[in-house]
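To start, the structure itself, in structure tokens.
2 protein chains.
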Amino acid sequence: MAKSEFFHEININLPTHEYKIHIGKACLSNVDLLNGYLAGTQVLIVTNTTVAPLYLLEIQRAFSSIQCDVVVLPDGEVYKNQHSLNQIFDTLITHHHHRDTTLFALGGGVIGDITGFAASTYHRGVRFIQLPTTLLAQVDASVGGKTAINHPLGKNMIGSFYQPHAVIMDVNTLQSLPEREFRAGLAEIIKYGLLESRAFFKRVHDDLQQNLLSNPPLLADLVAHCCEIKAKIVQEDERELGKRALLNLGHTFAHALEAYTKYERWLHGEAVGIGLYCAALLSQRMGYLSEIDLHSLDKLLQLAQLPRRIPKDINLDKLMQLMFHDKKILQNKLRFVLLRAPGDCFVESKVSHEELHQSLISAQEGE
Amino acid sequence: MAKSEFFHEININLPTHEYKIHIGKACLSNVDLLNGYLAGTQVLIVTNTTVAPLYLLEIQRAFSSIQCDVVVLPDGEVYKNQHSLNQIFDTLITHHHHRDTTLFALGGGVIGDITGFAASTYHRGVRFIQLPTTLLAQVDASVGGKTAINHPLGKNMIGSFYQPHAVIMDVNTLQSLPEREFRAGLAEIIKYGLLESRAFFKRVHDDLQQNLLSNPPLLADLVAHCCEIKAKIVQEDERELGKRALLNLGHTFAHALEAYTKYERWLHGEAVGIGLYCAALLSQRMGYLSEIDLHSLDKLLQLAQLPRRIPKDINLDKLMQLMFHDKKILQNKLRFVLLRAPGDCFVESKVSHEELHQSLISAQEGE
């Protein structure tokens, strides 16, 4: 078994909860680390059919002397639903898991979101640990305490704010990640570039020109930096009453695109790629963002080999309707996160329907 | 329309949330009071088929100038389930309720619990107001922030801690309450007597000898006092890590009895009546409670015309199995709230199976 090595340990201090993010390699086989986080003597590991063959045995080995149950869900955003949630509840209840059980989310964002939601509502809240195995989950989904499932009419419609007891990230897991999923994770990293500063945006650009997977310390640094940016924002605004809304940059578009295509066409990060371009284009059309910065973003998305345009088969009127289901709507006004420059984002509630429609037309692929 | 009159206003101050409980008569028709609590311009009222014909129009009238949707559930604990919860979510989503919507729970404990759970998880948390119309909900279920639905294998298995934005109690609603439901509410009042002090236990005894329904101020005082007792405990321990467990006096038995009979045989308060007797009997058998106090409790339950014994058709082994599903289990030990005297309750984790079994036999109806 490979010896575990730790690159970063980040402390997250929220008003009501503190926890650690461990970033390293081979840390999923660190039995002491995993056992140190148990509340009692019962464990449920939730994972999916893709991740289970790769890492499940390793985790189960750590809990061989206590009750350790497993739920293996099918892989994919379409399974982040009530049915999967019920599978978790049924397993917990039929195996008599008590209030001091500990849930482990072993997988990507979908597994993290649904396991977190199950943990937040089983017996009104039990302990859970995130073991994110995708780049997207490592940089984004495992920090911030948002849990959710989808409803047929909208993404993340039902969920909670609930913090993990710890997050353990093993960059080794990214080696086995399909290339398409790795690129999808880059979309969120690019988002953090836009949120943080021109300097970090440039660093992301430089790092993406390297082979990140062959350089675990560099990759771990990039992941750690994104976690720190997100943690800083979440610490200021855990329940998304203000600044946290900025994290939704590109996401109003992305969520509508995903709902439109029933979560089947794109990975979340791919939809975010298009969403970031749409947000930047809207910002540029409204006179906030320079054409040069819009072009730089477009180039960076291209470098990451992410989709950047709305495919021409998407009906824009129907897409706009879906955007009105988005959670960020207050008093029936659509609110967008726009940008003036990398590092200078803000919430704009005065986007006209016409302006939005024209931007969508410009962001759509030509004939 | 009757002019509203207020008897009590109680401030609940939790570490992370403050709200008011208004206790009065005709306060459900107070348009200003109701409107003062809205977050935006959308409202969903959740109620049941029994309460709707009595008070729904009155509440809807207050919101005639804004979007006001309604979910009317069938009446009863058996409907506190996933299916009803989905009805609420579907209505919210198809009617485009945004994050600033306000949910009103108009009804008893079932409506309060399920509406609170829906509010805590729709868009990761929207505002909700409790309008409890039963005695049980007024004295107990509307204070404390516990929300939940039942699972076929156990009561309140899935839920959250989520505080209402306000609670508005109209004692007039108790006039139309079926006598059986009124008596069920008395069980929780008797529980507060046991929790608080010998003096309050005696006061409950004295008050129950009056016709409470013909004396609204006396009834409001009794309700207010119970709310204050519960608020004091919850303020010290919002998430039930310590003292709050005392509120479960009698409930480990009651929940198992309800699960055994699929929530169909007793109202919750009736099961609590039997549960309180079982807890007292176990306390007496273990040498904590005097026979005199056990007898006083039995007499008080009788005065309230509540069931006090386990019917003889209940299989006690099966009942004990169900008790092991209870949420209050930590590290596989059954924990009971026991009492030394009215006002002196404590959590006991050293109850042997044999002691429990013998107590259940003694608490069962004779041949």
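Listed in order, the protein sequences are those of chains P and A.
In terms of this note's numbering, the first sequence opens at residue 1 and continues consecutively.
In terms of this note's numbering, the second sequence opens at residue 368 and continues consecutively.
C-beta atoms are modelled at their ideal positions from N, C-alpha and C, and glycine is treated no differently.
Quick caveat: nothing in here was measured; it's all calculated off a predicted structure.
Annotation: the segment 88–127 of chain P contains the following complete segments of the beta strand (DSSP E) (minimum length 3 residues), in chain order: 102–107. Here the segment 40–50 of chain P does not lie against the segment 21–28 of chain P, with fewer than 3 beta-carbon pairs under 8 Å apart.
In the assembly as shown, His295(P) is an exposed residue. Its beta-carbon has fewer than 16 other beta-carbons within 10 Å. Leaving aside the five residues that flank Tyr630(A) on each side, the residues in its chain whose CB is nearer than 6 Å to its CB run, in chain order, Glu444 and Val445. Chain-ordered, the chain A residues with CB closer than 8 Å to the CB of Ile93(P) read His518, Leu520, Gly521, Met524 and His692. Look at Phe128(P): its C-beta is not under 7 Å from any C-beta on chain A. Listed along chain A, the residues sitting closer than 8 Å to Lys146(P) by beta-carbon distance are Arg491. By the neighbour-count definition (other C-beta atoms within 10 Å, threshold 16), Lys146(P) is a buried residue. Per the coordinates, the alpha-carbon of Asp170(P) lies some 12 Å from the alpha-carbon of Ser176(P).
Met524(A): member of the beta strand (DSSP E) spanning Gly521 to Phe528, first to last residue.
When Pro74(P), Arg99(P) and Tyr37(P) are compared, the shortest CA-CA separation from Gln87(P) is found for Pro74(P). Chain-order list of chain A residues neighbouring Thr16(P): Pro382 and Thr383, by C-beta distance under 9 Å. DSSP links Gln42(P) through a beta bridge to Gln67(P). For Phe456(A), the chain P residues whose C-beta falls within less than 8 Å of its own C-beta are His151, Met157 and Ile158, listed in chain order. Residues are counted here when their Cβ sits less than 8 Å from a Cβ of chain A; for the segment 160–174 of chain P these are Ser160 and Phe161, given in chain order. Arg565(A) and Ala708(A) do touch by the CB rule: their CB atoms are close to 7 Å apart, below 8 Å. The continuous beta strand (DSSP E) containing Ile168(P) extends over residues Ala166 to Asp170. The continuous alpha helix (DSSP H) containing Tyr644(A) extends over residues His635 to Arg652. Sequence-distant partners of Asp457(A) (beyond 5 residues in either direction) whose C-beta falls short of 8 Å from its own C-beta are missing from its chain.
Residue-level contact check: Thr488(A) touches chain P, since one or more beta carbons of chain P fall below 7 Å from its beta carbon. Using a Cβ distance threshold of 7 Å, His8(P) and Ala224(P) count as a contacting pair.
Boundaries of the alpha helix (DSSP H) around Cys227(P): Pro216 to Glu236. Residue burial is scored here from C-beta neighbours: His622(A) has at least 16 other C-beta atoms within 10 angstroms and is therefore classed as buried. Here Ser726(A) has Leu648, Leu649 and Arg652 as same chain residues with Cβ atoms under 6 Å from its own Cβ, once five neighbours each way along the sequence are excluded. In the displayed model, Leu208(P) falls within a helix according to three-state DSSP. Assignment of Ala393(A) by DSSP, reduced to helix, strand and coil, places it in the coil class.
Counting only the Cα atoms, Ala231(P) lies some 17 Å from Leu135(P).
The three-state secondary structure of Tyr288(P), taken from DSSP, is coil. The Cβ-Cβ distance between Ile233(P) and Arg244(P) falls below 7 Å. Rounded to whole angstroms, the gap between the alpha carbons of His97(P) and Lys202(P) is 48 Å. Each residue's CA atom was taken as its position, placing Ser729(A) and Cys68(P) some 38 Å apart. Taking C-alpha positions only, Asp206(P) is separated from Arg491(A) by approximately 37 Å.
Per the C-alpha coordinates, the member of Asn615(A), Leu520(A), Phe549(A) and Met524(A) positioned closest to Leu561(A) is Asn615(A). Counting only residues of its own chain and dropping the five nearest sequence neighbours on each side, Met157(P) has a CB closer than 7 Å to the CB of Asn150 and His151. Using a Cβ distance threshold of 7 Å, Ile274(P) and Leu520(A) do not count as a contacting pair.
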